[in-house]
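> Line order of the protein sequences matches chains P and H.
Each residue of the first sequence is one higher than the one before, starting from 1 at the first, in the numbering used here.
Each residue of the second sequence is one higher than the one before, starting from 431 at the first, in the numbering used here.
2 protein chains.
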Amino acid sequence: MHSQQSGRRRFLKSGAALAGWAVGAVRSVSGQAPAGSEPPAALAGSEASSRDYGVRSGFETSGRLTHIQAWVANVGPPVAPALRTPLQDSVGIITPAPLHYVVDHGSPTPGIDPRQHSLLIHGLVDRPLLFTLDELKRLPAVSRIHFLACAGNSYLPLEQRQNAKTVQETHGWTSCSEWTGVPLSLLLQEVGVQKGGTWIQAEGAEIRKLASSIPMAKALDDVLVAYGQNGEAIRPEQGYPLRLIVPGFEGIRNVKWLRRIKVVDRPYMMKYEGTIYTNLRPDGTARWFQLELETNSVITSPSGEQRLPGPGFHEITGLAWSGGGAIRRVEVSTDGGRTWKDAQLQAPVLAKAHTRFRFPWNWDGKEAVLQSRSTNEWGEVQPTKAALERMWGVTPDYWLTTTNRIQHFNAIQPWKVTSDGRVHNVIWET
Amino acid sequence: MHSQQSGRRRFLKSGAALAGWAVGAVRSVSGQAPAGSEPPAALAGSEASSRDYGVRSGFETSGRLTHIQAWVANVGPPVAPALRTPLQDSVGIITPAPLHYVVDHGSPTPGIDPRQHSLLIHGLVDRPLLFTLDELKRLPAVSRIHFLACAGNSYLPLEQRQNAKTVQETHGWTSCSEWTGVPLSLLLQEVGVQKGGTWIQAEGAEIRKLASSIPMAKALDDVLVAYGQNGEAIRPEQGYPLRLIVPGFEGIRNVKWLRRIKVVDRPYMMKYEGTIYTNLRPDGTARWFQLELETNSVITSPSGEQRLPGPGFHEITGLAWSGGGAIRRVEVSTDGGRTWKDAQLQAPVLAKAHTRFRFPWNWDGKEAVLQSRSTNEWGEVQPTKAALERMWGVTPDYWLTTTNRIQHFNAIQPWKVTSDGRVHNVIWET
């Protein structure tokens with residue numbers, strides 16, 4: 001096996017394709033048979049038998065549980081785990097369904113029989129209607145690639161905040177899927193919204209019957225009553241068999257296990273709408289119904305707790321997203337924010353979807369701070385933490401002492417690479 | 431449960447949104463609590479414990495094994511199953527990795543340890559190089575959504591052909607994923623292709639070491655050395671940990687378990703290149719190296735063996751794809767081919783990717799034949815079976831008697847809906 005063949009000549013390459021970039025670890029060989037030429041073992045046991053519905057390699061261990069969850073379980077009260085996507089392992093823009101983030105507000109995932117499930121649309125409507133799954137699936141549908149993100153993503157409770165080391169722990173409450181379903185606007189036209197019907201309440205079927213308020217203008221815009229995710233049925237954790245997809249709005253608005261939509265005349269302060277999903281300011285006032293998510297981005301590789309094998313070329317890559325439409329620009333700084341250069345946005349760049357950016361970097365082996373900064377199609381620029389401090393009227397110490405829940409925290413994320421190649425989260429040190 | 435409440439008033443709806451379309455089965459209700467208001471049972475057992483890497487609902491049974499595979503196992507010699515994607519259940523354009531089609535030419539899926547795997551590039555090059563997975567992942571990468579399709583898709587051996595009832599059985603050897611990897615052009619620039627290096631041979635690590643020949647012009651165009659599929663590592667059945675993705679070319683060119691690329695001066699007639707992956711004509715001549723796949727499409731719903739619950743509105747939907755670039759147009763006929771109307775193409779429409787089309791249809795309850803016809807960006811139009819007969823110089827009987835393997839069969843697929851709502855494959859009856 002070549003991994004033991006340490007004597008092979010290594011060389012630095014400066015060919016046409018990577019002009020100016022050092023490829024540090026590519027080995028030259030002289031035409032002999034490749035390493036690993038012995039036939040690999042066949043898949044064993046459950047892998048070989050999973051022909052009907054395939055499984056991943058047993059060598060792959062990327063998962064949603066993080067050291068923070070273990071840490072909270074050890075020191076805090078038992079909590080229903082809020083599972084984070086392992087963004088450090090992500091490639092492309094699609095999140096595999098088994099790795100999609102989960103925030104369930106304490107309700108166990110319901111095991112809904114789709115034949116027993118229906119969606120009621122009622123309230124200020126001319127014709128209340130009840131739709132079964134089969135009825136919904138006959139109607140005109142649409143598929144769109146959209147991200148979801150928890151409004152509390154990247155801002156954890158105080159005791160967890162400073163233990164967030166990886167990008168999974170800092171930003172793992174965002175994922176991106178291809179959602180398929182019926183436009184809510186079509187269903188609302190079918191029931192006939194009455195004058196004065198300016199908001200909707202959407203309610204799930206889980207034990208706590210979590211409900212969210214959404215303005216009618218948004219409901220008639222791009223909201224989907226979705227039954228499909230990444231080409232198959234929505235997963236139970238994501239709302240099987242029906243989920244409201246409210247593109248660009250806070251994750252909690254995307255009601256899972258959707259069973260009821262009521263057309264109403266105003267927001268009715270559903271559970272959490274007046275409490276933890278508000279944004280409490282230092283002066284004691286709070287911002288309510290801040291529904292749309294800001295422009296955001298994070299470098300996923302290299303990121304916290306990863307280790308660069310050595311100097312030379314490394315592609316910096318990450319994800320950007322905005323509730324306000326498409327990402328227009330992502331800039332990357334490798335010198336702690338002194339200079340910024342445009343990253344390449346990978347096509348297709350879709351509205352309210354994760355956008356993958358890539359940036360070539362030749363690491364000289366010295367300490368470096370890597371950051372990304374996104375701009376959305378409306379020209380909104382992702383702020384630094386210092387800019388957020390100015391906006392909030394707080395000192396840097398604020399973040400280290402407040403126990404307030406902070407929603408919509410979209411500060412630029414700095415990763416420090418030390419000379420040993422290790423990568424560290426330094427956002428709370430600046 | 432509402433499914434037992436048969437006394438509810440049903441009504442036909444002709445509102446603004448579905449103007450002119452009858453919604454046959456939507457129930458009107460009078461504002462009472464929705465059916466299914468009892469708390470659903472929590473997920474049990476393995477589903478509840480799969481927090482790290484999620485699982486689908488136990489109510490979902492869509493799978494890759496078909497009645498043809500059972501039929502072949504019962505009457506024919508034992509064969510390695512060539513698994514088909516259940517297109518009848520597909521939504522959107524992404525195929526979930528566990529449902530991606532598999533054609534493995536008899537080799538068991540190797541269980542490769544990625545730490546022991548490498549890619550050798552040698553032959554007519556200045557600097558043969560050996561890349562580990564970690565080395566490849568440091569290099570500039572790209573993600574693209576591309577379909578794969580077996581060249582033999584929709585044309586089975588004679589005894590299976592007439593038993594192909596569902597769209598999974600007729601067209602299930604095509605799937606679509608977001609692939610992530612390093613452009614092969616970059617690696618070829620690194621090794622330095624010598625004068626006369628006009629083809630490559632790509633070889634897999636499975637027991638049979640299947641290899642394929644690809645022209646250098648294609649290798650330098652859009653080919654990827656891919657390690658990612660739909661946001662995670664490529665699945666073992668799809669080539670874990672490395673697969674050559676050759677967009678738009680026959681599936682077999684997309685070499686799985688990729689371990690070696692040799693730059694050569696001509697195609698060397700690798701296994702199958704001179705035999706079953708040729709296209710034998712009635713006059714005994716065969717077409718070789720017909721690498722690029724034609725423009726194609728199929729209606730996935732309604733499709734064979736499905737049953738419409740009754741007259742009224744049904745959305746007709748399906749997939750179109752072309753190895754020659756993007757799909758520009760899909761037309762649908764609901765009257766056996768007498769008239770054709772444009773279907774709506776769902777954005778994004780991507781080159782060499784599945785394109786979802788949708789077409790509104792109000793079924794009057796009478797017998798109907800549904801067909802789709804695609805046109806690609808070069809203006810190539812999907813042919814009828816009759817047009818293929820003219821091109822091949824054969825009579826309609828030819829298809830029912832030949833035991834030839836037919837590759838690149840992209841005829842328009844007709845589905846007959848009988849007055850009882852059942853849907854039948856009638857391509858061999860026309």
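We put the CB at the ideal spot given by N, CA and C, even for glycine.
(1) Can you tell me where the beta strand (DSSP E) with Ser802(H) in it begins and where it stops?
(2) Tell me the residue span of the alpha helix (DSSP H) that contains Gln518(P).
(3) Identify, in the order they occur along the chain, each residue of the same chain with its Cβ nearer than 8 angstroms to the Cβ of Phe719(H), setting aside the five sequence neighbours on each side.
(4) Restricting to runs no shorter than 3 residues, where is the beta strand (DSSP E) found entirely within the stretch 391-417 of chain P?
(5) So which residues on chain H does Gly456(P) lean against when the C-beta distance must stay under 7 angstroms?
(6) Would Glu60(P) pass as an interface residue toward chain H - the criterion being a Cβ-Cβ separation below 9 angstroms?
(7) Please report the straight-line C-alpha distance between Ser479(H) and Glu237(P), rounded to a whole angstrom.
(8) Distance cutoff 9 angstroms, beta carbons only. Does Val728(H) sit that close to anything in chain P?
(9) What residues in its chain sit with their C-beta under 8 angstroms from that of Trp858(H), if we drop five residues either side in the sequence?
(10) CB of Lys796(H) to nearest heavy atom of the ligand HEM: below 8 angstroms?
(11) At 3 residues or longer, and completely inside the stretch 112-143 of chain P: list those beta strand (DSSP E) runs for me, N to C.
(12) Nearest to Thr805(H) by CA position, among Leu654(H), Ile842(H) and Pro544(H), is which residue?
(13) Could you tell me whether the Cβ of Pro241(P) comes closer than 9 angstroms to any Cβ of chain H?
(14) Indicate whether Val728(H) and Ser802(H) have their beta-carbon atoms separated by less than 9 angstroms.
(15) Could you tell me whether any Cβ in chain H is nearer than 9 angstroms to the Cβ of Gln88(P)?
(16) Hey, which unbroken runs of the beta strand (DSSP E) at 3 residues or more fall wholly within the stretch 305-338 of chain P?
(17) May I ask you to report which of helix, strand or coil DSSP gives Ala70(P)?
(18) Would DSSP call His576(H) helix, strand or coil?
(19) Can you list, in chain order, the residues of its chain with a C-beta nearer than 7 angstroms to that of Leu124(P)? Leave out the 5 residues immediately preceding and following it.
(20) Find out if the Cβ-Cβ distance for the pair Ile207(P), Phe489(H) is shorter than 9 angstroms.
(21) Given a cut-off of 9 angstroms, decide if Ile523(H) and Arg786(H) are closer than it, judged by their beta-carbon atoms.
(22) So for Trp179(P), helix, strand or coil by DSSP?
(23) Nearest to Ala353(P) by CA position, among Ser57(P), His146(P), Ala70(P) and Asp89(P), is which residue?
(24) Give me the subset of the stretch 360-381 of chain P whose CB atoms are less than 7 angstroms from a CB atom of chain H, sorted by chain position.
(25) Apart from the five residues just before and just after Pro311(P), which ones in its own chain have a Cβ nearer than 7 angstroms to its Cβ?
(26) Identify, in the order they occur along the chain, each residue of the same chain with its Cβ nearer than 8 angstroms to the Cβ of Gly493(H), setting aside the five sequence neighbours on each side.
(27) Any chance the stretch 301-311 of chain P sits against the stretch 402-421 of chain P, with 3 or more Cβ pairs inside 8 angstroms?
(28) Would you report the Cα separation of Lys385(P) and Asp283(P), rounded to the nearest angstrom?
(29) Excluding the 5 residues flanking Gly45(P) on each side, which residues of the same chain have their C-beta closer than 6 angstroms to its C-beta?
(30) If you count every other CB in all the chains shown that lies within 10 Å of the CB of Glu620(H), and 16 or more means buried, which is it?
(31) Consider the Cβ of Asp265(P): report whether some Cβ of chain H lies at a distance smaller than 9 angstroms.
(32) Check the Cβ of Val482(H) against every Cβ in chain P and list those closer than 7 angstroms, keeping chain order.
(33) Evaluate contact between the stretch 102-118 of chain P and the stretch 226-242 of chain P, counting only Cβ atoms and requiring at least three cross-stretch pairs below 8 angstroms.
(34) With 16 other CB atoms within 10 Å as the buried threshold, where does Leu588(H) fall?
(35) To the nearest angstrom, how far is the alpha carbon of Ser733(H) from that of Thr747(H)?
(36) Residue range of the alpha helix (DSSP H) that Asp600(H) falls in?
Considering the structure as presented:
(1) To locate residue 802(H), count along the second sequence from 1; it is residue 372. It spans Ala798 to Asn806 - the beta strand (DSSP E) in which Ser802(H) sits, taken as one unbroken run.
(2) Nothing about residue 518(P) can be read from this structure; chain P reaches only from 1 to 430.
(3) Counting from 1 along the second sequence, the entry for residue 719(H) is found at position 289. Same-chain partners within the cutoff: Ser643, Pro697 and Glu703.
(4) 415-417
(5) Residue 456(P) is absent from the structure shown; chain P starts at 1 and stops at 430.
(6) Taking the first sequence and counting its residues from 1, the one referred to as residue 60(P) is at position 60. So, interface residue.
(7) Walking along the second sequence from the start, residue 479(H) turns up at place 49. Walking along the first sequence from the start, residue 237(P) turns up at place 237. Unreliable placement is indicated for Ser479(H), whose pLDDT of 46 sits below 50; no coordinate value is reported for it.
(8) The sequence position of residue 728(H) within the second sequence is 298, counting from 1. Not an interface residue.
(9) Walking along the second sequence from the start, residue 858(H) turns up at place 428. Closer than 8 angstroms at the Cβ level, and outside the excluded window around Trp858(H), lie Arg591, Gln592, Trp829 and Leu830.
(10) You won't find the ligand HEM in this model; it holds no ligand whatsoever.
(11) 118-123 and 129-132
(12) In the second sequence, the residue the question calls residue 805(H) occupies position 375. Considering only alpha carbons, the answer is Ile842(H).
(13) What you label residue 241(P) is simply residue 241 of the first sequence in a count that begins at 1. At least one chain H Cβ lies under 9 angstroms of Pro241(P).
(14) As a working note, residue 728(H) is residue 298 in the second sequence. As a working note, residue 802(H) is residue 372 in the second sequence. Yes, the Cβ-Cβ distance between Val728(H) and Ser802(H) is below 9 angstroms.
(15) The residue labelled residue 88(P) in the question sits at position 88 within the first sequence. Answer no: the Cβ-Cβ gap between Gln88(P) and chain H never drops below 9 angstroms.
(16) Uninterrupted beta strand (DSSP E) stretches at least 3 residues long and entirely within the stretch 305-338 of chain P occur at 312-321 and 327-333, given in chain order.
(17) Within the first sequence, numbered from 1, the residue matching residue 70(P) stands at position 70. Note: Ala70(P) maps to helix in three-state DSSP.
(18) Position 146 of the second sequence holds residue 576(H). Strand.
(19) Residue 124(P) sits at position 124 when you count from the first residue of the first sequence. Result list for Leu124(P): Val193, Gln194, Gly196, Gly197, Val263, Val264 and Asp265, in chain order.
(20) The residue given as residue 207(P) occupies position 207 in the first sequence. The residue given as residue 489(H) occupies position 59 in the second sequence. Result no, Cβ atoms of Ile207(P) and Phe489(H) do not sit closer than 9 angstroms.
(21) Reading the second sequence from its first residue, position 356 is the one you call residue 786(H). Reading the second sequence from its first residue, position 93 is the one you call residue 523(H). In contact: Arg786(H) and Ile523(H) (Cβ atoms closer than 9 angstroms).
(22) For the purposes of this step, residue 179(P) is taken as residue 179 along the first sequence, with counting starting at 1. Correct three-state label for Trp179(P): strand.
(23) Taking the first residue of the first sequence as 1, we reach residue 353(P) at position 353. When each option's Cα is compared against that of Ala353(P), the closest is His146(P).
(24) If the cut-off is 7 angstroms between Cβ atoms, the stretch 360-381 of chain P has Pro360 near chain H.
(25) Position 311 of the first sequence, counting from 1, holds the residue named residue 311(P). Same-chain partners within the cutoff: Gly24, Trp363, Asp364 and Gly365.
(26) For this step, residue 493(H) is matched to residue 63 along the second sequence. If we look at Gly493(H) and ignore the five residues flanking it on each side, its Cβ neighbours are Pro516 and Leu529.
(27) yes
(28) To locate residue 385(P), count along the first sequence from 1; it is residue 385. To locate residue 283(P), count along the first sequence from 1; it is residue 283. Distance between the alpha carbons of Lys385(P) and Asp283(P) is about 19 angstroms.
(29) Your numbering for residue 45(P) matches position 45 in the first sequence. Because the pLDDT at Gly45(P) is just 39, under 50, the model does not fix this residue reliably, and the value given afterwards should be weighed accordingly. Correct list: empty, nothing qualifies.
(30) Within the second sequence, residue 620(H) is the residue found at index 190, counting from 1. Classification of Glu620(H): buried, given that the 10 Å Cβ count is 16 or more.
(31) Taking the first residue of the first sequence as position 1, residue 265(P) is located at position 265. Not an interface residue.
(32) Reading the second sequence from its first residue, position 52 is the one you call residue 482(H). One point to set straight first is that residue 482(H) is Asp, not Val, in the sequence displayed. Against chain P, the beta carbon of Asp482(H) has neighbours under 7 angstroms at Gly63, Arg64 and Leu65, listed in chain order.
(33) yes
(34) Here residue 588(H) corresponds to residue number 158 of the second sequence, with the count starting at 1. Counting other Cβ atoms within 10 Å of its Cβ, Leu588(H) stays below 16 and is therefore classed as exposed.
(35) The residue you call residue 733(H) lines up with position 303 of the second sequence. The residue you call residue 747(H) lines up with position 317 of the second sequence. Going by the C-alpha atoms only, they are around 10 angstroms apart.
(36) For the purposes of this step, residue 600(H) is taken as residue 170 along the second sequence, with counting starting at 1. Reading off the sequence, residue 600(H) comes out as Thr, not Asp. First-last of the alpha helix (DSSP H) with Thr600(H): Val597 to His601.
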